[in-house]
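Reading through the structure tokens given below for one structure.
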Amino acid sequence: MERVNLNKNVSVSRIVQGLWRLNDWNWTIDETVKFIESCIARGVTTFDAAEIYGNYMGEQRIGEVLRAAPHLRNQIEIVTKTGINMFSDKRAYTMSHYDTRKLKVVTSCQESIKRMNCDVLDVFLIHREDPLIDHRELGKTLDELVDSGWVKSVGVSNFDPMKFDALQSFMKHKLVTNQIEWSPVCFEHFNNGNMDYLQKMNVRPMIWSPLAGGRLFTSSDEKNVRARKKIDEIARRHGVESETIVFAWLLYHPVGAIPISGSSQLKRLQQAIFALNIALTHEEWFEIYTASGQQRLR
Ligand SMILES: NC(=O)c1ccc[n+]([C@@H]2O[C@H](COP(=O)([O-])OP(=O)(O)OC[C@H]3O[C@@H](n4cnc5c(N)ncnc54)[C@H](OP(=O)(O)O)[C@@H]3O)[C@@H](O)[C@H]2O)c1
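Using the numbering used here, you'd call the opening residue of the sequence shown number 214 and step up by one each time.
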């Protein structure tokens with residue numbers, strides 16, 4: 214499996230396994246250990262989590278897995294995120310909101326490490342664009358987390374180019390990624406300039422919901438149906454599964470995307486991995502780009 218160097222201390226696998234839905238899968242610890250071992254055997258060593266996943270219980274689950282199988286820790290990279298205070302029976306917030314102040318970010322980082330029983334975070338991200346963000350304070354806080362050894366690298370998620378640029382301008386360390394949504398039915402980051410800006414900054418984005426959370430294959434709304442029809446047609450042309458074509462489409466782009474597969478099924482993760490060996494034509498890339506009807510060529 215191809216590796217991507219985020220900085221001199223961290224590299225990640227080109228395909229990442231997402232753990233957003235881990236707690237919904239209702240696996241035993243043994244089953245989860247086996248799943249992670251199977252990912253590693255396929256070269257997928259990077260796992261994506263967040264403080265709020267599984268109603269604040271997802272990281273706890275990862276911690277239980279690493280306690281049961283400590284040998285896994287030095288074979289994997291852990292990505293996690295902070296900055297959302299989600300309304301939940303697990304927390305006393307009166308509403309969901311963002312918090313990227315120093316106390317929240319530092320406390321959250323230390324608690325994530327403790328919950329996951331992992332000593333250090335490989336990649337620590339600010340989860341969403343906070344309208345109350347104090348770029349100067351947050352930049353200093355993230356630098357301090359790297360310098361004091363709590364995290365090996367820092368980045369953001371769902372940031373537009375303006376917010377990324379503002380935060381980076383107050384930092385010594387590089388923001389190593391921007392984790393963004395992109396699929397054949399989601400083009401926000403083409404339209405806000407991120408696909409260009411990230412190349413300019415030499416930052417490789419991680420891509421969430423590459424299959425639109427499964428809706429690409431299950432939804433009856435028009436944009437999904439149109440995109441699916443085209444993807445199925447191209448898949449038949451190449452003699453592979455449709456999921457593989459979607460991942461090949463993401464990988465084709467010069468931004469150097471690092472897709473996060475969110476499936477619980479190893480056979481679907483394998484479809485994503487197969488994409489590393491599929492060469493779409495330039496025309497096929499545009500066929501998918503325009504298929505849902507949302508993007509037009511001018
Ligand atoms: N930074 C952020 O704001 C943010 C937001 C959302 C997610 N994420 C991260 O990104 C990861 C990936 O996102 P995602 O989970 O939405 O990714 P995804 O790969 O687009 O969707 C995965 C879901 O689609 C289903 N699926 C896949 N192929 C299918 C098919 N052919 N037919 C029917 N269902 C199918 C899977 O079900 P099966 O399990 O049955 O295969 C699973 O429930 C998450 O796990 C999380 O780590 C980050």
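Beta carbons: idealized from backbone N, C-alpha and C, even for Gly.
What you are looking at is a predicted structure, and each value in this text was computed from that prediction instead of being measured.
Residue i, DSSP secondary structure in three states
{"i": "leucine 285", "result": "helix"}
{"i": "glutamine 507", "result": "coil"}
{"i": "arginine 216", "result": "strand"}
{"i": "valine 438", "result": "helix"}
{"i": "serine 266", "result": "With the sequence shown as reference, residue 266 is identified as tyrosine, and serine is not the correct amino acid for it. Three-state result, tyrosine 266: helix."}
Rounded separation between residue i and residue j - CA only
{"i": "glutamate 272", "j": "leucine 334", "result": "12 Å"}
{"i": "serine 370", "j": "aspartate 445", "result": "30 Å"}
{"i": "methionine 299", "j": "threonine 503", "result": "36 Å"}
{"i": "phenylalanine 383", "j": "glutamine 323", "result": "23 Å"}
{"i": "threonine 241", "j": "serine 226", "result": "25 Å"}
{"i": "glycine 362", "j": "lysine 387", "result": "15 Å"}
{"i": "serine 366", "j": "lysine 221", "result": "9 Å"}
{"i": "arginine 286", "j": "arginine 509", "result": "45 Å"}
{"i": "asparagine 405", "j": "lysine 385", "result": "26 Å"}
Beta-ladder partner(s) of residue i, from DSSP
{"i": "glycine 231", "result": "Asp261"}
{"i": "lysine 480", "result": "The partner list for lysine 480 (beta bridge, DSSP) is empty, contrary to what the question assumes."}
{"i": "isoleucine 393", "result": "Ile420"}
{"i": "isoleucine 339", "result": "Thr295, Val369"}
Buried/exposed call for residue i, threshold 16 Cβ in 10 Å
{"i": "threonine 320", "result": "exposed"}
{"i": "arginine 328", "result": "buried"}
{"i": "methionine 214", "result": "exposed"}
{"i": "aspartate 434", "result": "exposed"}
{"i": "proline 418", "result": "buried"}
{"i": "tyrosine 410", "result": "buried"}
{"i": "glutamine 484", "result": "buried"}
{"i": "valine 438", "result": "exposed"}
First through last residue of the beta strand (DSSP E) which encompasses residue i
{"i": "proline 374", "result": "Careful: proline 374 lies outside any beta strand (DSSP E), inside the alpha helix (DSSP H) at 374 to 382."}
{"i": "isoleucine 471", "result": "471 to 474"}
{"i": "valine 225", "result": "224 to 226"}
Terminal residues of the alpha helix (DSSP H) in which residue i lies
{"i": "serine 455", "result": "455 to 465"}
{"i": "methionine 414", "result": "Careful: methionine 414 lies outside any alpha helix (DSSP H) and carries neither H nor E."}
{"i": "lysine 353", "result": "348 to 360"}
Contact test: residue i Cβ vs ligand 3 heavy atom, cutoff 7 Å
{"i": "alanine 425", "result": "With respect to ligand 3, the structure offers nothing, as its ligand set consists of ligand 1."}
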